[in-house]
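Undergrad: According to this note's numbering, the residues represented by the sequence shown are -12 to 236, in order.
By construction, the Cβ of each residue, glycine as well, lies at the ideal position given by its N, Cα and C atoms.
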Amino acid sequence: MAGQDHRTACELARAAGDLLVSVREQGAIGAELGRLGDVASHDFLVAAIRSRHPGDAILSEEAVDDRRRLTSRRVWIIDPLDGTREFAEPSRDDWSVHVALWEDGDIVAAAVALPARSVVLCTEAPTLARASRMRDGLKVVVSRTRPPEIASRVATAIGAECVPMGSAGAKTASVILGDADAYLHDGGQHEWDSAAPAGVALQAGLHASRLNGEPLAYNRDDVRLPDILVCRRELAPALLDAIAEARAR
């Protein structure tokens, strides 16, 4: 079923993204627009997954945690709208839809849609990570609203510039597409924030791990997964060393 699961993740992320674009065009503004987007995308994704795979469990940012997922072989981990704040600002395009499938211990299919850019990155037909575009210096993308304290120290250690951006999906996409060299986050995330981005990044040939270098693990009892590093593979040793040194201070 692997091929079909890849297609499902891609199709659902794309369709949810199209729905969000239409919601954005209906005239609501600010927090109300964000709320409408969260609800519409969540309801669509849950209905679609249950229709196609009624026996699978679902873990969504927008729903109460169904603990039956812990005994399920297959769990869809979704963030119906990652970057709600950015979605609510009409001029911004750094928001995304995350759809990932966890099966028997691993993320086996994933898709990240950036609807405002008409981009979908997925494991069905993975986009191989591109070389950095011609520019001066390394770029590390970090949260626009909650940049980690260690980010500036890490960037200084490797001679990089920190670039603020919304949405974990958008930040991961920027590394895959060669617009940035690394994405670093420390604090305040959950499994739905990184499951699909990490799945797509690994399939694209990038490094993706916890900040201490440990593998990312999903469908755990505690869904908090506060930190992540996504980067070009050749940069991983230097970045992990710089992170360890920054955390030791």
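(1) Which stretch, first to last residue, makes up the beta strand (DSSP E) that contains Val10?
(2) With H, G and I counted as helix, E and B as strand and the rest as coil, what does DSSP make of Trp82?
(3) Nearest CA to the CA of Arg219: which residue from Ala116, Gly17, Arg211?
(4) Quick check on this structure: which residue in Val187, Pro202, Thr110 has the alpha carbon closest to the alpha carbon of Leu(-6)?
(5) Please report the distance separating the alpha-carbon of Val8 from that of Val187.
(6) Which runs of the alpha helix (DSSP H) fall wholly inside the segment 125 to 212 and span at least 4 residues, in chain order?
(7) Within a Cβ cutoff of 7 Å, which residues of the same chain sit near Met104, ignoring the five residues on either side of it in sequence?
(8) Distance check for Arg236 and Val84, CA to CA, integer angstroms please.
(9) Quick one: any contact between the segment 59 to 70 and the segment 89 to 106, if contact means 3 or more CB pairs under 8 Å?
(10) Less than 8 Å between the C-beta atoms of Asp(-8) and Asp69, yes or no?
TA: Here's the rundown:
(1) Segment -11 to 11 is the alpha helix (DSSP H) holding Val10; no beta strand (DSSP E) there.
(2) For Trp82, the secondary structure class from DSSP, reduced to helix, strand or coil, is coil.
(3) Minimum Cα distance to Arg219 is reached at Ala116.
(4) Reading off the sequence shown, one finds Arg at residue -6, where the question assumed Leu. Of the listed residues, the one whose Cα sits closest to Arg(-6) is Thr110.
(5) Between the alpha carbons of Val8 and Val187 lies a distance of about 22 Å.
(6) Runs of the alpha helix (DSSP H) inside the segment 125 to 212: 138 to 145, 155 to 163, 178 to 190.
(7) Correcting the residue type first, residue 104 is Arg in the shown sequence and not Met. Cβ contact annotation for Arg104 (same chain, cutoff 7 Å, sequence separation greater than five): Asp80, in chain order.
(8) So the two alpha carbons sit approximately 36 Å from each other.
(9) Enough Cβ pairs lie closer than 8 Å, so yes.
(10) No, the Cβ-Cβ distance between Asp(-8) and Asp69 is not below 8 Å.
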